[in-house]
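I have placed the structure first, in the form of structure tokens, so that the comments after it can refer back to it.
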Amino acid sequence: MSQESDSLGLATVILERLERERLPRALDLKAKVDAGERLDELDIAFLERVFGDMQAAQKVVREHPEYQELAAKMANLYEEITAKGLENEKAQPS
Numbered sequence: 443m444s445q446e447s448d449s450l451g452l453a454t455v456i457l458e459r460l461e462r463e464r465l466p467r468a469l470d471l472k473a474k475v476d477a478g479e480r481l482d483e484l485d486i487a488f489l490e491r492v493f494g495d496m497q498a499a500q501k502v503v504r505e506h507p508e509y510q511e512l513a514a515k516m517a518n519l520y521e522e523i524t525a526k527g528l529e530n531e532k533a534q535p536s
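Every number in the working numbering is 442 more than the matching position in the sequence shown, counting from 1.
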């Protein structure tokens with residue numbers, strides 16, 4: 443396999459994971475924090491995995507600029523979740 447087809451294959455896997463797993467869960471977490479709830483340990487573990495995946499995907503995004511807007515939107519969504527989650531954590535007593 444060529445490097446280009448390897449890269450395209452990796453991009454396809456990342457996009458499928460994003461569509462089937464990451465985005466629906468992220469939208470659920472966004473609704474959760476928007477409702478004033480706190481993130482639990484499973485939510486935080488999910489976000490940590492996603493951040494790791496995003497770092498690994500940076501090479502693919504650089505090689506496939508057509509995915510840059512999507513990557514930026516997802517990064518913004520996760521930033522909103524973590525910021526609101528932190529705000530909720532500070533607002534609620536221990």
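Every residue, glycine too, gets a C-beta built ideally from N, C-alpha and C. Model, not experiment: these values are computed from the prediction.
| Query | Result |
| --- | --- |
| Alpha helix (DSSP H) containing Gly478: first to last residue? | No alpha helix (DSSP H) holds Gly478; DSSP gives it neither H nor E. |
| Based on Cα-Cα distance, which residue from Ala453, Ala514 and Gly527 lies nearest to Asp470? | Gly527 |
| Among Glu461, Lys501, Arg504 and Leu465, whose alpha-carbon lies nearest the alpha-carbon of Lys489? | Note that residue 489 corresponds to Leu in the displayed sequence, not to Lys. Of the listed residues, the one whose Cα sits closest to Leu489 is Leu465. |
| What residue range is occupied by the uninterrupted alpha helix (DSSP H) comprising Gln510? | Gln510 to Ala533 |
| Alpha carbon to alpha carbon, what distance is there between Leu450 and Glu463? | 20 Å |
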